[in-house]
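In my numbering, the protein residues as written are 4 to 513.
The next block holds one structure in the form of structure tokens; read it before the comments.
Below you can see the structure in the form of structure tokens.
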């Protein structure tokens, strides 16, 4: 008659006389309370009559196994409130505390199949892990499926296997990349041959071909961007998810994004110069013929300097607080391996308290200050990279579609506004050219040339409008609170911008 501690009404009989579950205090009367009268509580463990006297300990009730009692007492194992009943197999039931623990105790695994707070490993090893471990930067499933779940295949840009999830995007990357490099290389060679007779050319021809050479270089950079992107896609093919964070936070990705932005801005500058040159040659041909090449050449140099400046500003470490949204920092000291500014500040403060270091964290918790502090005091913790202006997607393009308050949103607004007004100016300039060349005098003397000119102007205006204006409009809508789907961004980034670079050699050369 020793005293033991028991939990009342938990569905698990622990007292020799079953009083913890069957004394009438519980809201649910368990079926095993029916056999309470069969127990001899004076000499526990109890004895009750089956076909022979059989010693039957209370712990044998609701333990998931039938006793040797004959005939079988159903209430011994059936209807136990604290048990989960297996649906098939030799297993009867398991304690409900073992439900959804990642280890299947039922033969039919029914104890692990309907767990909303668990992630199920695709290869079943282990069967499942807590949902909190999903995409936390640490592989808990042996096949890494908790870090690369199936829903990543729904990403418009990348999938679990490929840097570019769409086969169409992968194909167009190579097609437009090769077309841009071949077309712009041919244009460069063609214009360079013309300029070999530099002294014999008139000023307007010289300037036109100098601009054409620079345009081919600018558009060729976009082709290089696409080819490198395609090559990286082949490198990561089949396992991209494992490299996603390391790729997007790498200097290679940010360099590639800078290359694309430099190409786009240089192209815009040069197209505007070409439009201006052609507009002036139509409106004031006599003055244009006497123009020196010195000033336009200086302007082209300034355009390249500005383009490189605009393309590389987001990469300056001193501006990381403005352009970076988070850092990639794999460590077991944090729940996730990606930390935004707020969580990183908290982490640094907790490190200081936990490690009791003599050096307190810096007063200004900038990204660079926090990285320097961690490097000096906690060398085992490393910031592997920053999620910056070119890290929003796997193709490393700038964040053209932003909402107010996002990192770098003001810079994106400046870029988009500038591009918008430049392309509006280009379109207007060519419309003026088209109207000016439609006068009766010009039409009488140069009807064939006029028709060709008007067709070319129409193509120029339409392609410029189709490639850039939709991107600008969608960016304005995003700023206004209209959510732009990733599908539109993906199409603009992988189709519209590259196709412009591939078509320009055909549109702007002879």
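The beta-carbon is built from N, C-alpha and C at its ideal position, and this holds for glycine as well.
Since the structure is predicted, the reported quantities are computational estimates derived from the model, not experimental observations.
query, result
"Length of the line joining the Cα atoms of residue 21 and residue 152", "48 angstroms"
"DSSP state of residue 4 mapped onto helix, strand, coil", "Since pLDDT at residue 4 reaches only 45, below the 50 mark, its modelled position is unreliable, and no value is offered."
"Euclidean distance between Cα positions of residue 76 and residue 95", "14 angstroms"
"Entirely enclosed beta strand (DSSP E) segments - the region 271-352, minimum 3 residues", "329-331, 341-343"
"Range covered by the beta strand (DSSP E) that runs through residue 389", "388-390"
"Per DSSP, the bridge partner or partners of residue 97", "87"
"Boundaries of the alpha helix (DSSP H) in which residue 131 is found, first to last residue", "Run containing residue 131: none in the alpha helix (DSSP H); it sits in the beta strand (DSSP E), 131-133."
"Residue(s) in a DSSP beta bridge with residue 123", "131"
"Limits of the alpha helix (DSSP H) - the one that residue 160 falls within", "Segment: none, residue 160 is in no alpha helix (DSSP H) and carries neither H nor E."
"As assigned by DSSP and simplified to three states, the class of residue 366", "coil"
"Alpha-carbon to alpha-carbon, residue 341 and residue 401", "20 angstroms"
"Terminal residues of the alpha helix (DSSP H) in which residue 19 lies", "Note, residue 19: premise wrong, no alpha helix (DSSP H); not H, not E."
"Status (buried if at least 16 other CB within 10 Å, exposed otherwise) for residue 504", "buried"
"Spatial distance of residue 116 from residue 319 (CA atoms)", "50 angstroms"
"Cβ contact check for the region 124-133 and the region 93-112: 3 or more pairs under 8 angstroms", "yes"
"Where the alpha helix (DSSP H) through residue 431 begins and ends", "412-439"
"Residue 314 and residue 384 closer than 9 angstroms at C-beta", "no"
"6 angstroms CB neighbourhood of residue 268 in its chain, flanking five on each side removed", "310, 313"
"With 16 other Cβ atoms within 10 Å as the buried cut-off, status of residue 176", "buried"
"Environment of residue 497 [buried if 16+ CB atoms lie within 10 Å]", "buried"
"Short Cβ contact (9 angstroms threshold) for residue 338 with residue 248", "no"
"Assigned secondary structure, residue 475 (DSSP; H/G/I helix, E/B strand, else coil)", "helix"
"Residue 145 burial status per 10 Å Cβ neighbour count (16 or more: buried)", "exposed"
"Proximity of residue 224 and residue 179 at Cβ, strictly below 9 angstroms", "no"
"CA nearest to the CA of residue 282, picked from 357, 18, 499, 211", "211"
"Residue 193 in three-state terms, based on DSSP", "helix"
"Beta-carbon spacing of residue 194, residue 213 below 9 angstroms", "yes"
"The region 318-332 contacting the region 369-380, beta-carbon criterion three pairs below 8 angstroms", "yes"
"C-beta atoms of residue 91 and residue 79 nearer than 9 angstroms", "no"
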